[in-house]
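Structure record follows, encoded as structure tokens.
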DNA sequence: CGTTAAACGAGACGGTACGTCATGTCTTCGA
DNA sequence: TCGAAGACATGACGTACCGTCTCGTTTAACG
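Protein chains in written order, with our numbering: chain A, 517 to 708; chain B, 517 to 708; chain C, 517 to 708; chain D, 517 to 708.
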């Protein structure tokens with residue numbers, strides 16, 4: 517077993533780094549983010565950050581995973597209602613959070629950076645995707661969703677328009693708009 | 517009339533810059549892109565680039581606008597079929613092109629950079645969005661799409677899932693997968 | 517004979533270049549001087565300057581030669597008095613002119629730049645040195661200066677301390693201080 | 517006492533910068549000198565130089581102060597002889613060194629650049645001037661020099677002609693010529 | 001309770017790129 | 001042909017971060 521010799525890492529310092537990263541990220545976005553700036557804002561030496569993360573992308577990936585709230589998956593028994601609520605809450609949270617665009621910027625970068633892609637996949641995407649697929653399957657078993665559509669396609673149909681409207685079309689997503697969009701999207705996957 | 521005084525800019529040099537930018541972009545993505553590198557690859561001096569574009573973001577925005585093919589909008593008389601074809605061709609082109617992720621990375625950055633946002637809006641988004649809305653309206657008038665759904669919502673329903681599946685879920689979009697997804701999405705907006 | 521074909525050079529433009537050079541030289545010195553700045557200040561295009569002078573050093577050498585007043589050599593019959601007056605007037609003029617230090621900076625540079633050295637020698641130094649040597653010889657013939665000291669040594673003895681005090685020691689040279697210094701220096705070369 | 521925090525500066529690197537500066541200075545003079553070139557020659561990154569000196573002028577001022585030998589002030593008991601020797605050795609050293617003209621170029625520039633003036637004054641001039649004034653005073657007390665001439669004037673009388681002959685008149689100063697010139701200059705300040 | 005090994009701050013260092021400026025040459029147009 | 005205007009390759013400027021590396025100091029856990 518590995519005995520933890522020497523001075524252990526201070527949890528508080530890690531927290532300060534994360535907090536500073538979030539603050540700067542919200543202020544000016546990913547590409548303007550600097551480890552130098554984070555270090556200064558956190559009152560920490562630069563090598564201390566490198567001791568914990570291999571670089572900017574990994575740091576941000578972790579920070580986002582910690583800070584962007586996971587999908588809230590209610591469980592009222594009404595699987596379809598739960599799914600709609602989850603989708604609406606998801607996009608509202610995203611669009612209110614300063615970190616949403618950052619996450620999507622990273623996803624785009626990830627297409628050119630395998631290491632980053634893995635990091636994101638592991639720390640961020642996985643947790644959110646798996647859980648929603650479970651919910652979708654429950655809704656299908658309850659007979660409320662067309663059973664011949666694979667769960668991941670349902671996911672795309674439900675979440676895709678929301679993301680698109682917010683990220684690409686640049687329209688604000690309040691709870692009301694989001695719900696209307698979700699309701700229309702749902703028509704595609706309802707059993708009939 | 518304004519007489520063009522002084523030595524005129526060489527068109528060929530501009531072309532070389534654009535070509536080099538595209539090549540490097542495809543190779544290693546936006547964040548690894550360097551004006552220094554572009555200049556070297558184009559056999560051009562760095563100040564020559566700055567004379568034409570104010571910076572990396574603006575250059576890339578222009579280059580993408582020039583290089584990513586605009587929406588192909590067929591006109592066979594079958595407005596719904598045309599819309600589906602346009603959507604499928606769009607996502608296939610995107611996912612085959614090395615520049616797709618770059619464009620979406622920029623869209624995300626634009627949320628923190630108003631200047632970039634304007635550039636992109638003007639040079640890239642506008643042309644693509646307006647034309648597809650016209651097509652959607654024609655389909656609605658033809659009675660094939662539900663008339664009570666605003667055209668921009670139709671756009672989100674049709675394009676959103678494609679983008680999501682490709683960019684977020686990271687799944688390859690061949691013509692066949694794309695068509696299936698579009699067909700399902702269309703159920704949400706068909707008149708019934 | 518050379519027939520002057522094409523549009524003749526404008527004398528006025530040359531004058532404007534010289535004037536602008538002098539002004540900028542006085543303001544900020546030689547090393548901060550730019551052809552770009554001169555062109556702008558003179559309302560002239562840069563290539564127009566290059567058509568007349570090969571570069572900054574040559575331009576400045578010419579300008580100084582034109583602008584720093586030549587040695588004033590009075591001729592009252594009293595050769596020794598004339599020499600003293602000439603020396604005093606010389607250093608006072610130098611130290612009051614903004615161009616004095618520039619000239620000495622160039623002299624120093626000339627030790628590493630033969631072309632500049634020739635330019636300066638021809639345009640600036642020669643005229644001043646030769647005339648004073650003549651004056652010294654007259655004083656020697658009049659029996660007022662020791663005859664066994666070569667004229668150029670007399671020149672060094674008389675002018676050297678003035679230059680040194682002003683340039684190296686950085687002391688202001690008003691007419692009164694200068695005269696005192698000259699009088700003492702003269703003791704070295706007077707006949708006794 | 518101030519504890520030296522952080523990684524200490526490497527003495528060896530500083531030495532390499534100074535050496536490279538000297539070499540390039542001797543080769544091509546001050547105005548052709550480039551921090552870029554120094555960095556390359558020293559095998560050092562450019563920012564490393566800026567960490568130690570604010571710019572080219574300051575670097576060169578320091579380098580000269582370190583490298584141009586200070587006045588050698590012999591002390592044989594014969595104050596006048598010592599002064600003459602010091603003057604001769606000084607100008608011979610200067611005229612043999614490649615850095616002499618550089619120093620005088622800087623002195624001229626300093627008239628337009630207060631910061632440089634201070635640097636030079638502090639690092640270069642001060643040490644040399646003060647010591648020679650002491651020697652002059654001793655010679656005056658020994659009754660060998662006219663007591664009614666301020667020491668700084670004696671300095672100007674003795675050193676001025678040497679500098680002038682070498683820098684302005686451009687004549688080589690071997691030990692023999694220098695001594696002859698000094699002997700004549702001394703006549704001006706000897707007690708009689 | 002002292003050892004000891006790692007964490008930590010500070011900051012130097014070789015790099016790389018930035019965005020700007022000036023150079024000297026060139027092309028184009030109008031006078 | 002001159003002159004203005006300005007493009008262009010070149011190359012240096014001074015600055016900002018990068019990721020790595022010494023340092024001296026602090027802090028626990030272990031022996």
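C-beta atoms are modelled at their ideal positions from N, C-alpha and C, and glycine is treated no differently. Here the structure is a predicted model, which is why all the values come from computation and not from measurement.
From what residue to what residue does the alpha helix (DSSP H) around residue i run?
i	result
residue 709 of chain A	Nothing can be reported for residue 709 of chain A: it is not among the residues displayed for chain A, which extend from 517 to 708.
residue 571 of chain A	Run containing residue 571 of chain A: none; DSSP gives neither H nor E here.
residue 630 of chain D	630-636
residue 584 of chain B	Counting along the chain, residue 584 of chain B falls outside any alpha helix (DSSP H), and DSSP gives it neither H nor E.
residue 566 of chain A	562-566
residue 740 of chain D	Coverage of chain D is limited to positions 517 through 708, which leaves residue 740 of chain D absent and any answer about it impossible.
residue 699 of chain C	691-702
residue 670 of chain C	667-679
residue 557 of chain D	551-558
Tell me whether residue i sits in a helix, a strand or coil according to DSSP, three-state version.
i	result
residue 661 of chain A	strand
residue 517 of chain C	Unreliable placement is indicated for residue 517 of chain C, whose pLDDT of 40 sits below 50; the coordinate value is still reported in the next sentence. Coil.
Among residues of its own chain, excluding the 5 on either side of residue i, which ones have a beta-carbon nearer than 8 Å to its beta-carbon?
i	result
residue 606 of chain B	587, 588, 675 and 678
residue 557 of chain A	536, 539 and 540
residue 517 of chain B	The predicted position of residue 517 of chain B is uncertain, since its pLDDT is 43 and thus under 50; no value can be drawn from it.
residue 519 of chain C	Caution applies to residue 519 of chain C, whose pLDDT of 48 falls short of 50 and renders its modelled position unreliable; the value that the coordinates give is listed next. Taken in chain order, the list of residues that qualify is empty.
residue 671 of chain B	645, 648, 649 and 652
residue 707 of chain D	659, 660, 661, 662 and 663
residue 617 of chain C	545 and 683
residue 615 of chain D	538, 541, 542, 580, 583 and 584
residue 602 of chain C	587, 588, 589, 590, 648 and 651
With a CB to CB cut of under 7 Å and the five nearest residues on each side skipped, what residues in its chain are close to residue i?
i	result
residue 695 of chain A	604
residue 564 of chain B	529
residue 598 of chain D	589, 590, 591, 592 and 651
residue 621 of chain A	546
residue 572 of chain A	549 and 551
residue 668 of chain D	649
residue 609 of chain B	585
residue 633 of chain B	626
residue 636 of chain A	577, 622, 623 and 626
residue 562 of chain C	551, 552 and 555
residue 687 of chain B	681
In its own chain, which residues sit with a C-beta less than 6 Å from the C-beta of residue i, not counting the 5 before and 5 after it?
i	result
residue 524 of chain D	none
residue 673 of chain D	701, 704 and 705
residue 656 of chain A	663
Taking 7 Å as the cut-off, is the C-beta of residue i nearer than that to any heavy atom in the ligand SAM?
i	result
residue 684 of chain C	No copy of the ligand SAM appears in this structure; indeed no ligand is present at all.
Exercise for review: Compile a chain-ordered list of the residues in the stretch 609-629 of chain B whose CB is closer than 9 Å to at least one CB of chain A.
Suggested key: Flagged, chain order: 614, 616, 617, 618, 619, 620, 621, 622, 623, 624, 625, 626, 627, 628 and 629.
**Study point:** Contact set between the stretch 680-698 of chain D and chain C, restricted to residues whose Cβ is under 9 Å from the partner
**Key:** Within the stretch 680-698 of chain D, the residues whose Cβ lies closer than 9 Å to some Cβ of chain C are 680, 681, 683, 684, 685, 686, 687, 696 and 697, listed in chain order.
Exercise for review: Determine which residues of the stretch 577-593 of chain C have a Cβ less than 7 Å from any Cβ of chain D, and write them out in chain order.
Suggested key: none
Review point. Mind pulling the alpha helix (DSSP H) runs of 4 or more residues that sit fully within the stretch 588-627 of chain A?
Key: For the stretch 588-627 of chain A, whole alpha helix (DSSP H) runs of length 4 or above, ordered along the chain, are 595-612 and 616-626.
Practice item. Can you give me, in chain order, the residues of the stretch 542-565 of chain A that have a beta carbon less than 8 Å from any beta carbon in chain B? Key: 544, 545, 546, 547 and 548
Check your understanding: Of all the residues that make up the stretch 663-682 of chain C, which are near chain D by a beta-carbon distance shorter than 8 Å?
Key -> 665, 668, 669, 671, 672, 673, 675, 676, 677, 678, 679, 680 and 681
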